[in-house]
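Chemist:
Residue numbers (this note's numbering): 1 to 33.
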């Protein structure tokens, strides 16, 4: 198995979106200080 299948693709996309959101949030907080 390659690790990326149609079955777990939604979870991978959700994880990527969550990571990007957290990164953007952290960067915004750091930029304000």
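Where a beta carbon is used, it is the ideal one built from N, C-alpha and C, also for glycine.
Tell me the rounded alpha-carbon separation between residue 5 and residue 21.
Modeler: Position 5 of the chain shown, counted from the start, is the residue given in the question as residue 5. Position 21 of the chain shown, counted from the start, is the residue given in the question as residue 21. Rounded to whole angstroms, residue 5 to residue 21 spans 23 Å at the Cα level.
Chemist: Just to check, is the beta-carbon of residue 21 closer than 6 Å to a non-hydrogen atom of the ligand HEM?
Modeler: In the structure on display, the ligand HEM does not appear, and there are no ligands present to speak of.
Chemist: Quick check on residue 12: does DSSP put it in helix, strand or coil?
Modeler: On the chain shown, residue 12 is found 12 positions in, with the first residue counted as 1. The answer is helix: DSSP assigns residue 12 an H, G or I state.
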